[in-house]
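Throughout, my numbering is defined as the position within the sequence shown, counted from one, plus 2. No residue lacks a Cβ here, since even glycine has one placed at the ideal position from N, Cα and C. In this text, all values refer to a predicted model and were calculated from it rather than measured experimentally. See structure below.
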Amino acid sequence: MIIKDKNKAANISAMFKNISGRYDLLNTIMTFGRDKSWRKHVVKEASLKPNALILDVGTGTGKILQEALISNNGIKAFGVDFTLEMMLAGKEQQDNISWCCADALNLPFPDSVFDAVTSGYLIRNVTDIHRAFAEQTRTAKPGGKIVCLDTCPPPDNFLRPFILLYLKLVIPMLGLVFAGNKNAYRYLTSSTEAFKSPEELSLIMKNAGLDNIRFRKFMFGTISILCGTRPSLQRNFLS
Ligand SMILES: C[S@@+](CC[C@H](N)C(=O)[O-])C[C@H]1O[C@@H](n2cnc3c(N)ncnc32)[C@H](O)[C@@H]1O
3 MIIKDKNKAA NISAMFKNIS GRYDLLNTIM TFGRDKSWRK HVVKEASLKP
53 NALILDVGTG TGKILQEALI SNNGIKAFGV DFTLEMMLAG KEQQDNISWC
103 CADALNLPFP DSVFDAVTSG YLIRNVTDIH RAFAEQTRTA KPGGKIVCLD
153 TCPPPDNFLR PFILLYLKLV IPMLGLVFAG NKNAYRYLTS STEAFKSPEE
203 LSLIMKNAGL DNIRFRKFMF GTISILCGTR PSLQRNFLS
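Here it is as structure tokens:
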């Protein structure tokens with residue numbers, strides 16, 4: 003399933019609205035429960051000190067922030083998403099988060115406020131990746147961390163046919179059975195296949211003004227967590 007760029011944002015939001023009640027369950031089933039450990043890794047990379055301010059963009063049900071609050075309950079957690087229904091589903095489980103309905107490409111926060119800005123499976127969905135990272139960089143304090151968790155295109159090795167089989171057949175079937183929506187999970191597959199490699203994402207993060215960019219892959223190379231630091235020197239992030 004291909005979502006065309008013209009109406010991409012509206013279509014993406016409608017899709018997440020449709021699966022909001024089942025999103026977390028499907029995530030856990032599809033990843034054999036590994037999703038929690040990746041969120042923990044995101045939080046570890048965010049290097050939060052007591053009283054830190056963290057922003058999670060495309061927060062969905064706020065699971066990354068939930069993990070951050072478990073690791074350090076002195077922090078202040080802010081979640082942004084443009085699909086209200088995803089945040090409402092999360093709010094039922096977690097009310098220690100300040101939720102905000104907004105676009106990742108125009109974050110409604112001033113410059114240099116957050117100690118860390120994280121995202122989980124957001125970047126694959128935005129229409130302008132450079133701008134999304136530039137906005138995250140702008141709102142992070144100098145020295146602040148930007149951490150990005152997302153899927154990767156299947157690696158070019160002997161596992162590729164098995165991974166493709168899982169992505170193309172098993173995942174849409176799980177989507178149909180557990181969320182009643184095969185198309186949303188076909189989109190997960192097609193957007194993952196067409197997505198950028200962590201090496202390409204690193205370059206975009208660098209162009210958005212970040213330093214010390216590194217990444218680690220998980221789950222046979224199908225998941226990556228990238229981390230960068232906003233340098234102390236000011237730059238024009240959106241150019
Ligand atoms: C795959 S879900 C990920 C949810 C959560 N971050 C997680 O780790 O499970 C992607 C989320 O990003 C949101 N999203 C996609 N594009 C967005 C944008 N341009 N601005 C704000 N939120 C966006 C969607 O509404 C959805 O809730």
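- Of all alpha-carbon atoms in SER193, MET88, SER114, SER22, the one lying nearest the alpha-carbon of THR129 is that of SER193.
- Beta bridge pairing from DSSP links ASP26 with no other residue.
- With distances taken between CA atoms, ILE72 lies nearest to ILE99 out of ILE99, LEU107, ALA136, ASN9.
- In this structure, ligand 1 has no non-hydrogen atom nearer than 6 Å to the beta-carbon of PHE34.
- Relative to ligand 1, even the nearest heavy atom lies 6 Å or more away from the CB of LEU109.
- Setting aside the 5 residues that flank it on each side, SER234 is surrounded in the same chain by PRO144, GLY145, each with a C-beta closer than 7 Å to its C-beta; the list follows chain order.
- By DSSP's assignment, VAL119 forms a beta bridge with LEU57, ILE148.
- By the criterion of a C-beta distance shorter than 6 Å, PHE197 is surrounded in its chain by ARG126, PRO155, once the five residues flanking it on both sides are discounted.
- According to DSSP, LYS219 shares a beta bridge with SER226.
- The C-alpha of MET175 is placed about 14 Å away from the C-alpha of LEU166.
- A heavy atom of ligand 1 is found nearer than 6 Å to the CB of VAL128.
- By the Cβ neighbour-count rule, PHE18 is buried, with 16 or more other Cβ atoms within 10 Å of its own.
- For ARG41, the closest alpha carbon among the candidates ASP158, THR231, ILE227 is that of ILE227.
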